[in-house]
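Chemist:
There are 2 protein chains.
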Amino acid sequence: MADVARLAGVSIATVSRALRDVPGVSQPTRDRVRDIARELSYVISPEASALSRGHTGRVAVVVPRLEAWFYGAMLGAMAPVLRAADLDMLVYETEGEQERTRFLRELPARRKADAVLLTALPLSQTEVARLDLMGAHVVVAGGTVRDFPHVAVDDLAAGRTAVRHLLDLGHRRVAMLRTNDTDGAVWSADVQRTEAWRTTLRDAGLDASDELLASESYGVDAGARGLARLLALPEPPTAVFAYSDELAFSAIAHARRVGLRVPEDLSVIGVDGHPLGETLGTTTVDQHVTDQGRLAAELVVGLLAGGTVADVEVPATLVVRDTTAPPAH
Amino acid sequence: MADVARLAGVSIATVSRALRDVPGVSQPTRDRVRDIARELSYVISPEASALSRGHTGRVAVVVPRLEAWFYGAMLGAMAPVLRAADLDMLVYETEGEQERTRFLRELPARRKADAVLLTALPLSQTEVARLDLMGAHVVVAGGTVRDFPHVAVDDLAAGRTAVRHLLDLGHRRVAMLRTNDTDGAVWSADVQRTEAWRTTLRDAGLDASDELLASESYGVDAGARGLARLLALPEPPTAVFAYSDELAFSAIAHARRVGLRVPEDLSVIGVDGHPLGETLGTTTVDQHVTDQGRLAAELVVGLLAGGTVADVEVPATLVVRDTTAPPAH
Numbered sequence: 001m002a003d004v005a006r007l008a009g010v011s012i013a014t015v016s017r018a019l020r021d022v023p024g025v026s027q028p029t030r031d032r033v034r035d036i037a038r039e040l041s042y043v044i045s046p047e048a049s050a051l052s053r054g055h056t057g058r059v060a061v062v063v064p065r066l067e068a069w070f071y072g073a074m075l076g077a078m079a080p081v082l083r084a085a086d087l088d089m090l091v092y093e094t095e096g097e098q099e100r101t102r103f104l105r106e107l108p109a110r111r112k113a114d115a116v117l118l119t120a121l122p123l124s125q126t127e128v129a130r131l132d133l134m135g136a137h138v139v140v141a142g143g144t145v146r147d148f149p150h151v152a153v154d155d156l157a158a159g160r161t162a163v164r165h166l167l168d169l170g171h172r173r174v175a176m177l178r179t180n181d182t183d184g185a186v187w188s189a190d191v192q193r194t195e196a197w198r199t200t201l202r203d204a205g206l207d208a209s210d211e212l213l214a215s216e217s218y219g220v221d222a223g224a225r226g227l228a229r230l231l232a233l234p235e236p237p238t239a240v241f242a243y244s245d246e247l248a249f250s251a252i253a254h255a256r257r258v259g260l261r262v263p264e265d266l267s268v269i270g271v272d273g274h275p276l277g278e279t280l281g282t283t284t285v286d287q288h289v290t291d292q293g294r295l296a297a298e299l300v301v302g303l304l305a306g307g308t309v310a311d312v313e314v315p316a317t318l319v320v321r322d323t324t325a326p327p328a329h
Numbered sequence: 001m002a003d004v005a006r007l008a009g010v011s012i013a014t015v016s017r018a019l020r021d022v023p024g025v026s027q028p029t030r031d032r033v034r035d036i037a038r039e040l041s042y043v044i045s046p047e048a049s050a051l052s053r054g055h056t057g058r059v060a061v062v063v064p065r066l067e068a069w070f071y072g073a074m075l076g077a078m079a080p081v082l083r084a085a086d087l088d089m090l091v092y093e094t095e096g097e098q099e100r101t102r103f104l105r106e107l108p109a110r111r112k113a114d115a116v117l118l119t120a121l122p123l124s125q126t127e128v129a130r131l132d133l134m135g136a137h138v139v140v141a142g143g144t145v146r147d148f149p150h151v152a153v154d155d156l157a158a159g160r161t162a163v164r165h166l167l168d169l170g171h172r173r174v175a176m177l178r179t180n181d182t183d184g185a186v187w188s189a190d191v192q193r194t195e196a197w198r199t200t201l202r203d204a205g206l207d208a209s210d211e212l213l214a215s216e217s218y219g220v221d222a223g224a225r226g227l228a229r230l231l232a233l234p235e236p237p238t239a240v241f242a243y244s245d246e247l248a249f250s251a252i253a254h255a256r257r258v259g260l261r262v263p264e265d266l267s268v269i270g271v272d273g274h275p276l277g278e279t280l281g282t283t284t285v286d287q288h289v290t291d292q293g294r295l296a297a298e299l300v301v302g303l304l305a306g307g308t309v310a311d312v313e314v315p316a317t318l319v320v321r322d323t324t325a326p327p328a329h
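These protein sequence lines map, in sequence, to chains A and B.
When we follow UniProt numbering, the leftmost residue of the first sequence carries the number 1, and every step to the right adds one.
When we follow UniProt numbering, the leftmost residue of the second sequence carries the number 1, and every step to the right adds one.
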């Protein structure tokens, strides 16, 4: 950049503005700077040529946890879209509050990517404010964060669909299973699904007290732990709405281990559309994760092409399989 | 590389070995190749100059399929190690033969990363040769590729452990389930586990004919399809060794759907240590994927710090749960 400035007889700031197509530089100067830059980029560095192109050619995807199926499915759907647009995919995992806070303090993705794709990443108020310093487009996949463009299901509707399915079957004591790994932060999907559970029950004149909301720390046995707590209640539930299919799998396995038949003695419904749900016959509200990932990546590609983009809402669909049925009595 | 080979009067393979510090090249040749490479990199190509500049601060991880649990677990284990070393993680998915061939033809990761981590990526002979053009360290996770540094379990031993567990229980008709998504390429883990199944049976004087080896196209129901085929044999197996836990889950679900009790009527063992295996009570040979991912990333960090590295073998361990038992009669 300094070389271009010297040869063009302008300041480095002007070179930067001219190459980034920011207003405030006359057309002749802009042309001269670009000609010189183009010439130099031949011999100097790929980095300079990247600068003159105006972008890094990379998109950063930030996820809270790579091991969970949801994020792999998201990344797997994003990857081919970004690749087709000749964009490389940087991936950052920010597991837990501490990592997330560190990521947002240090912003390792800053200036390394043209866009940042936040994938189901719970954030505190302070953390959200830091996103403005990213110096890149921000797009949200699988939920909403402030007013950033996003792709998501309507989580209120998804939650209502799940709980209404249980009520329609005749259940009157319906618990919810969630994990509390978003503590200290807000994750729209979590807030809305929990809200849907509460309001759908209350609208039906049913109990939605806190004892029926089992919040467990994240882990492969979280569903089992939560269900164990619910089954120990003086009046245990006959049906459970699980925040995710993985929670549902774990809860169902626990129920069967303690001698309960699913769905005869206990109905369980999840949310996701996890492929193993098909294998295991688990009733779910499919949130079409692959569609969400693909559409979010397309949104990024559209933004980088200079287009304007609209939020996308993916419809959630009830998939009734073998883990929900009318209550025994 | 061709230019260096011509000027040094050696083969391209020798240049590759000399530059990668692999044994089998004499010190004088090694020095000559390096001198010429250094000289050429100064004047010829930006790619060589990137090499001489040292580093990009990025590691490219190449996986065949992001959605499968295995790769998410690998990435999840690699991410914190790379982050701690201030390295960004580029992720490339090369699903299927066509994408893989395209990736190796275009090498989008070339000049963009200091090291490339191949994660359980099946490769043809021609594709392996292309890796020398990557201009970066190559490390292999979850298997072996040529003589590149690698982290893996001993897949022969893992396969033998699984099959012997079934033989020790008294099974004499033992099938194997695998997917054929590596067709046209060689994936060491696949080759070795299949070989282990065959030789362990033959050493015990048992049938290991092709009708007992069910190879299905990849998909969430691959295990179910494979098992359906095996159950249709004139003499069906009493036990199945599945290449992965996900295949085992699908096979077990299918067995139960068609009225077979697992393990009473059919024993099934997988390989992986998939967290849902704990939930579902599936017997497995745990290949400690998280350890493999972490160690492979540490190997990369060591290489980039200029150290010499040794291959790492992670022990596979038998985890007996509820899906294997002696045969009914």
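Think of the CB as a built atom: it goes at the ideal place given N, C-alpha and C, for glycine as much as any other residue.
This structure is a prediction, so every number in the text was calculated from the model and none was measured.
#1: Output the distance between the C-alpha atoms of ARG110 of chain B and ALA60 of chain A, rounded to the nearest integer angstrom.
#2: Please name the residue, chosen from B:VAL271, B:LEU133, B:VAL174 and B:ALA297, that lies closest to ASP86 of chain B on a Cα-to-Cα basis.
#3: Between A:ALA248, A:VAL268 and A:GLY293, which lies nearest to LEU169 of chain A when the distance is taken from Cα to Cα?
#4: Going by CA-CA distance only, name the one from B:ALA208, B:LEU206, B:HIS254 and B:GLU235 that's closest to GLY226 of chain B.
#5: Roughly how many whole angstroms lie between the Cα atoms of LEU51 of chain B and ASP155 of chain A?
#6: In chain A, which residues lie with their C-beta within 7 Å of the C-beta of TYR71 of chain B?
#7: Just to confirm my understanding: we take THR182 of chain B, look at its own chain, exclude 5 residues before and 5 after, and list those with CB closer than 6 Å. What are they?
#8: Are the CB atoms of ALA251 of chain B and LEU177 of chain B nearer to each other than 9 Å?
#9: Can you tell me whether ARG58 of chain A is helix, strand or coil according to DSSP?
#10: Following a CB-centred definition, is VAL312 of chain B positioned closer than 8 Å to any heavy atom of the ligand COA?
#11: So, using beta-carbon positions, are GLY223 of chain A and THR279 of chain B closer together than 9 Å?
#12: Starting from the Cα of THR119 of chain A, find the closest Cα among A:GLY135, A:VAL91, A:ALA310 and A:VAL285 and give me that residue.
#13: Quick one: residues in its chain with C-beta nearer than 8 Å to the C-beta of VAL289 of chain A, no 5 flanking neighbours on either side, listed in chain order?
#14: Does DSSP classify MET1 of chain B as helix, strand or coil?
#15: Let me confirm a value: GLY306 of chain A is counted as buried when at least 16 other C-beta atoms fall within 10 Å, else exposed. Which label applies?
#16: Can you find the residues in the same chain that come closer than 7 Å, C-beta to C-beta, to ASP221 of chain B, ignoring five residues on each side of it along the sequence?
#17: Rounded C-beta distance between ASP137 of chain A and ALA152 of chain A? I'm assuming under 8 Å.
#18: TYR71 of chain A lies in the alpha helix (DSSP H); which residues open and close that run?
#19: Which same chain residues end up closer than 8 Å to GLU195 of chain B when comparing Cβ atoms and leaving out the 5 residues on each side of it in sequence?
#20: What does GLY270 of chain A pair with, by DSSP beta-bridge criteria?
#21: Which residues in the same chain have their Cβ closer than 6 Å to the Cβ of ILE44 of chain A, if we skip the five residues on either side of it in sequence?
#22: Can you tell me where the alpha helix (DSSP H) with PHE249 of chain B in it begins and where it stops?
#23: Is there a Cβ from chain A that is less than 9 Å from the Cβ of THR324 of chain B?
#24: By the three-class DSSP mapping on this structure, what secondary structure does ARG178 of chain A have?
#25: Have a look at TYR243 of chain A and ARG193 of chain A and give me their C-alpha separation to the nearest angstrom.
#26: Kindly list the residues whose CB is nearer than 6 Å to the CB of HIS150 of chain B, restricted to its own chain and excluding five residues on each side of it in sequence; keep chain order.
#27: Just to confirm the assignment: which complete alpha helix (DSSP H) runs, minimum length 4, are found wholly within the stretch 131 to 202 of chain B?
#28: Do you know how far the Cα of GLU93 of chain A is from the Cα of ARG102 of chain A?
#29: With a 10 Å radius around its C-beta and 16 neighbouring C-beta atoms as the bar for buried, classify ALA204 of chain B as buried or exposed.
#30: Buried or exposed: where does ALA129 of chain A fall if 16 or more other Cβ atoms within 10 Å of its Cβ makes it buried?
#31: Secondary structure at THR308 of chain B, three-state DSSP: helix, strand or coil?
#32: Going by the CB atoms, is the gap between ARG146 of chain B and LEU131 of chain B shorter than 9 Å?
#33: Quick one: list the residues of chain A neighbouring ARG65 of chain B, beta-carbon separation under 9 Å, in chain order.
#34: Just list the residues that DSSP pairs VAL63 of chain A with in beta bridges.
#35: Once DSSP output is grouped into helix, strand and coil, what is the label at VAL10 of chain B?
#36: Could you tell me whether the Cβ atoms of ALA18 of chain A and ARG34 of chain A are closer together than 9 Å?
Modeler: For this structure:
#1: Here residue 110 of chain B refers to the residue found at position 110 of the second sequence. Here residue 60 of chain A refers to the residue found at position 60 of the first sequence. One alpha carbon belongs to ARG110 of chain B, the other to ALA60 of chain A, and they sit about 18 Å apart.
#2: What you label residue 86 of chain B is simply residue 86 of the second sequence in a count that begins at 1. Among B:VAL271, B:LEU133, B:VAL174 and B:ALA297, the Cα nearest to that of ASP86 of chain B is on B:ALA297.
#3: Your numbering for residue 169 of chain A matches position 169 in the first sequence. Selected option, being the one with the closest Cα: A:VAL268.
#4: Along the second sequence, one-based indexing puts residue 226 of chain B at 226. Nearest C-alpha to GLY226 of chain B among B:ALA208, B:LEU206, B:HIS254 and B:GLU235: B:HIS254.
#5: Reading the second sequence from its first residue, position 51 is the one you call residue 51 of chain B. Reading the first sequence from its first residue, position 155 is the one you call residue 155 of chain A. Any reading at LEU51 of chain B needs caution, since the residue's pLDDT is 45, under 50, leaving its predicted position unreliable; the model's value is listed next. Their Cα atoms are separated by approximately 49 Å.
#6: Sequence index remark: in the second sequence, residue 71 of chain B carries index 71 (1-based). Here the neighbours are GLY72.
#7: Position 182 of the second sequence, counted from the first residue, corresponds to residue 182 of chain B. Correct list, in chain order: PRO122 and ASP190.
#8: One-based indexing of the second sequence puts residue 251 of chain B at position 251. One-based indexing of the second sequence puts residue 177 of chain B at position 177. Contact: yes.
#9: Within the first sequence, the letter at position 58 stands for residue 58 of chain A. DSSP, read as helix, strand or coil, puts ARG58 of chain A in strand.
#10: This structure lacks the ligand COA; in fact it carries no ligand of any kind.
#11: Looking up residue 223 of chain A in the first sequence gives position 223. Looking up residue 279 of chain B in the second sequence gives position 279. A contact, by the Cβ cut-off of 9 Å.
#12: Taking the first sequence and counting its residues from 1, the one referred to as residue 119 of chain A is at position 119. Just measuring C-alpha positions, the residue of A:GLY135, A:VAL91, A:ALA310 and A:VAL285 sitting nearest THR119 of chain A is A:VAL91.
#13: As a working note, residue 289 of chain A is residue 289 in the first sequence. A distance below 8 Å between beta-carbons, with the five flanking residues on each side excluded, links VAL289 of chain A to the following residues of its chain, in chain order: PHE70, ALA73, MET74, ALA77, GLY142, ASP272 and GLY273.
#14: Here residue 1 of chain B refers to the residue found at position 1 of the second sequence. In this structure, MET1 of chain B counts as coil in the three-state DSSP scheme.
#15: Locating residue 306 of chain A in the first sequence gives position 306, where the first residue counts as 1. With fewer than 16 Cβ atoms within 10 Å of its Cβ, GLY306 of chain A is classed as exposed.
#16: Walking along the second sequence from the start, residue 221 of chain B turns up at place 221. Excluding residues within five positions, the ones whose Cβ falls inside 7 Å are SER250.
#17: One-based indexing of the first sequence puts residue 137 of chain A at position 137. One-based indexing of the first sequence puts residue 152 of chain A at position 152. The residue you asked about is not Asp; residue 137 of chain A is His in the sequence shown. Incorrect: roughly 17 Å between the Cβ atoms, too far for contact.
#18: As a first step, residue 71 of chain A must be located in the first sequence, where it is residue number 71. Per DSSP, TYR71 of chain A belongs to the alpha helix (DSSP H) from 69 to 84.
#19: Sequence index remark: in the second sequence, residue 195 of chain B carries index 195 (1-based). Excluding residues within five positions, the ones whose Cβ falls inside 8 Å are LEU156 and GLY159.
#20: Here residue 270 of chain A refers to the residue found at position 270 when the first sequence is read from its first residue. In the DSSP secondary-structure assignment, GLY270 of chain A is bridged to A:THR284.
#21: Position 44 of the first sequence, counted from the start, is the residue given in the question as residue 44 of chain A. Confidence at ILE44 of chain A is low in this model, with a pLDDT of 37, below 50, so the placement of that residue should be treated as unreliable; the coordinate-derived value is given next. Answer for ILE44 of chain A: no residue qualifies.
#22: In the second sequence, residue 249 of chain B corresponds to position 249, counting from 1. 245 to 257 is the span of the alpha helix (DSSP H), which, as asked, contains PHE249 of chain B.
#23: Position 324 of the second sequence, counted from the first residue, corresponds to residue 324 of chain B. It does not: the Cβ of THR324 of chain B has no partner Cβ on chain A nearer than 9 Å.
#24: Indexing the first sequence from 1 puts residue 178 of chain A at position 178. Three-state DSSP puts ARG178 of chain A in a strand.
#25: For the purposes of this step, residue 243 of chain A is taken as residue 243 along the first sequence, with counting starting at 1. For the purposes of this step, residue 193 of chain A is taken as residue 193 along the first sequence, with counting starting at 1. About 7 Å.
#26: On the second sequence, position 150 is the one that residue 150 of chain B refers to. Answer for HIS150 of chain B: VAL140, THR144 and ASP311, listed in chain order.
#27: With a minimum length of 4 residues, the unbroken runs of alpha helix (DSSP H) contained wholly in the stretch 131 to 202 of chain B fall at 155 to 168.
#28: Counted from its first residue, the first sequence places residue 102 of chain A at position 102. Counted from its first residue, the first sequence places residue 93 of chain A at position 93. In this structure, the alpha-carbon of ARG102 of chain A lies about 11 Å from that of GLU93 of chain A.
#29: Numbered from its first residue, the second sequence carries residue 204 of chain B at position 204. Using a 10 angstroms sphere on the CB of ALA204 of chain B, the tally of other CB atoms stays under 16, which defines it as exposed.
#30: Here residue 129 of chain A is taken as the residue at index 129 of the first sequence, counted from 1. Looking at its Cβ environment, which holds fewer than 16 other Cβ atoms inside 10 Å, ALA129 of chain A is exposed.
#31: On the second sequence, residue 308 of chain B is found 308 positions in, with the first residue counted as 1. DSSP, reduced to helix, strand and coil, places THR308 of chain B outside both helices and strands of the structure shown, so it counts as coil.
#32: Reading the second sequence from its first residue, position 131 is the one you call residue 131 of chain B. Reading the second sequence from its first residue, position 146 is the one you call residue 146 of chain B. Yes, they are a contact pair.
#33: Here residue 65 of chain B is taken as the residue at index 65 of the second sequence, counted from 1. Near ARG65 of chain B (Cβ distances below 9 Å), the residues of chain A are GLY72 and GLY76.
#34: Within the first sequence, residue 63 of chain A is the residue found at index 63, counting from 1. According to DSSP, VAL63 of chain A bridges with A:GLU93.
#35: Translated into the one-based positions of the second sequence, residue 10 of chain B becomes position 10. Coil, per DSSP.
#36: In the first sequence, residue 18 of chain A corresponds to position 18, counting from 1. In the first sequence, residue 34 of chain A corresponds to position 34, counting from 1. For ALA18 of chain A and ARG34 of chain A, yes; Cβs fall inside 9 Å.
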